[in-house]
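Notes follow once the structure below has been shown.
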Amino acid sequence: MFYFLLFTGCRRSEALALSWRDVDLASGYASINRSMHQLRDGRIVFRQPKTPRSRRLMSLPPSCTQVLGQHKQTLETIRRTLGRKVVEDDLVFSQADGSPYLPDTITHAWIKVIRRLGLRGVRLHDARHTHATLMLKANVHPEVVQHRLGHSSITTTIDTYSHMVPEVEKMAALKFDEGLK
Numbered sequence: 020m021f022y023f024l025l026f027t028g029c030r031r032s033e034a035l036a037l038s039w040r041d042v043d044l045a046s047g048y049a050s051i052n053r054s055m056h057q058l059r060d061g062r063i064v065f066r067q068p069k070t071p072r073s074r075r076l077m078s079l080p081p082s083c084t085q086v087l088g089q090h091k092q093t094l095e096t097i098r099r100t101l102g103r104k105v106v107e108d109d110l111v112f113s114q115a116d117g118s119p120y121l122p123d124t125i126t127h128a129w130i131k132v133i134r135r136l137g138l139r140g141v142r143l144h145d146a147r148h149t150h151a152t153l154m155l156k157a158n159v160h161p162e163v164v165q166h167r168l169g170h171s172s173i174t175t176t177i178d179t180y181s182h183m184v185p186e187v188e189k190m191a192a193l194k195f196d197e198g199l200k
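Under the working numbering, the first residue of the sequence shown is numbered 20, with each subsequent residue one higher.
Listed below in structure tokens is the structure:
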């Protein structure tokens, strides 16, 4: 799941709500159309994503598609031992028996990994920020970044990642200069 979050920029709630019906491994797309939340009483609910623009079809990097394919094969092996199989409505990121992970369980697992790596203060949501920052550094158009993140407006994307603008602008100037030679 951590790989998926870093390579797509999805929100934790969106990834937890993703079913195999939403993923087209052959074409390399994922349809983000709902989010998962835990209520105060412990119940899990599925809702519309954060904003209307959060409903989106996103391209998956080939490496992410490959990792998801391997993940699905692993799930199929595990489920076979439990006497069931993976079906379209199953959650992509679920426990061995198909039940959903609680959002906090994912966050705590992230914290354990970060601590094991000797890092401090790296939040799960920072995978989303890293995705956006790397895309902007690679000169991906801000509107594409906006779409991938599901931001309601380009203003949200620019305001959140404005610290990247000077670096991206400098790279653009260098590329322009190279183009004139």
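Glycine residues also receive a C-beta, built at the ideal position from the N, C-alpha and C atoms.
Practice task
Report the option in Thr-124, Gln-57, Asp-43 whose CA atom is closest to the CA atom of Ile-51.
Solution key: By 1-based counting over the sequence shown, the position of residue 51 is 32. Looking at the Cα atoms, Asp-43 is the closest of the given residues.
Exercise for the section: Could you tell me whether the stretch 75-86 touches the stretch 112-120, using the rule of 3 or more Cβ pairs below 8 Å? Expected result: no
Problem - Neighbourhood of Ala-191 by C-beta distance below 8 Å, restricted to the same chain and skipping five residues each side - result: The count along the sequence shown starts at 1 and reaches residue 191 at position 172. The answer, listed in chain order, is Asn-158.
Practice task
Indicate the three-state DSSP secondary structure (helix, strand or coil) for Asp-290 in the structure shown.
Solution key: Outside the modelled stretch of the chain, which goes from 20 to 200, sits residue 290, for which no answer is possible.
Practice task
Return the first residue and the last residue of the beta strand (DSSP E) that Arg-53 is part of.
Solution key: Numbered from its first residue, the sequence shown carries residue 53 at position 34. That residue, Arg-53, is in no beta strand (DSSP E); it is neither H nor E in DSSP.
Problem - Alpha-carbon spacing of Ala-146 relative to Leu-24, whole angstroms - result: Position 127 of the sequence shown, counting from 1, holds the residue named residue 146. Position 5 of the sequence shown, counting from 1, holds the residue named residue 24. Going by the C-alpha atoms only, they are around 6 Å apart.
Exercise for the section: Return the chain-ordered list of same chain residues with a C-beta closer than 8 Å to the C-beta of Asp-41, the five sequence neighbours on each side being excluded. Expected result: As a first step, residue 41 must be located in the sequence shown, where it is residue number 22. Counting only Cβ-Cβ distances below 8 Å, and skipping sequence neighbours, we find Ala-49, Ser-50, Ile-51, Asn-52, Val-111.
Problem - Thr-70: CB within 8 Å of a non-hydrogen atom of the ligand HEM - result: For the structure depicted, the ligand HEM is absent and the ligand set is empty, with no information on it obtainable.
Handout entry: For Gln-67 and His-90, the rounded distance between their alpha carbons
Key = Position 71 of the sequence shown holds residue 90. Position 48 of the sequence shown holds residue 67. Cα-Cα distance, rounded: 26 Å.
Practice task
Specify the secondary structure class of Leu-110 as computed by DSSP and reduced to three states.
Solution key: In the sequence shown, counting from the first residue as 1, residue 110 sits at position 91. Here Leu-110 sits in strand by DSSP.
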